[in-house]
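Visitor:
Numbering (our numbering), first residue to last: 73 to 197.
#1: Please state the DSSP three-state secondary structure of residue 153.
#2: Does the stretch 121-129 touch the stretch 167-177, meaning 3 or more C-beta pairs lie closer than 8 Å?
#3: When you compare the CB positions of residue 149 and residue 180, do they come within less than 8 Å of one another, or not?
#4: Taking only the alpha-carbon atoms, compute the straight-line gap between residue 78 and residue 140 and give it to the nearest angstrom.
#5: Could you name each continuous beta strand (DSSP E) segment of 3 residues or more that falls completely within the stretch 156-197, going from the start of the chain to the end?
Here it is as structure tokens:
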């Protein structure tokens, strides 16, 4: 039985807040069910790993819960978050700019290796 879920945020755009709830909610639920959950934020979604970005986004206008709150809840359940190394250059960031919930970097080679050689299921957003 597969015990790992890899969630890849590739087409999720922080400028469209309504797109941001499902991946983090799914990550939290899967982690609460004792699955190993890794969330890779790449392309435009990589901005969410920068301090201050997710804190400024609300999925529902007027609601106090921010996207960073959703990320924190999934992290508290055990989900691990990864930034794409190419995003650091793309968005002029360093590792010091990453939110505390980010476990570090997961590049394309590591992600593809895990997909091809590992026992995991994949959700993309």
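Backbone N, C-alpha and C define an ideal beta-carbon position, used for all residues, glycine too.
Guide: The short version:
#1: The sequence position of residue 153 within the chain shown is 81, counting from 1. DSSP places residue 153 in the strand class (E or B) of the three-state scheme.
#2: Under the three-pair Cβ rule at 8 Å, the stretch 167-177 counts as touching the stretch 121-129.
#3: Indexing the chain shown from 1 puts residue 149 at position 77. Indexing the chain shown from 1 puts residue 180 at position 108. It is not a contact, given that the beta carbons lie outside the stated cut-off.
#4: Numbered from 1 along the chain shown, position 6 holds the residue referred to as residue 78. Numbered from 1 along the chain shown, position 68 holds the residue referred to as residue 140. A direct Cα-to-Cα measurement between residue 78 and residue 140 gives close to 19 Å.
#5: Assignment of beta strand (DSSP E) within the stretch 156-197, counting only whole runs of 3 or more residues, yields 174-177 and 193-196 in chain order.
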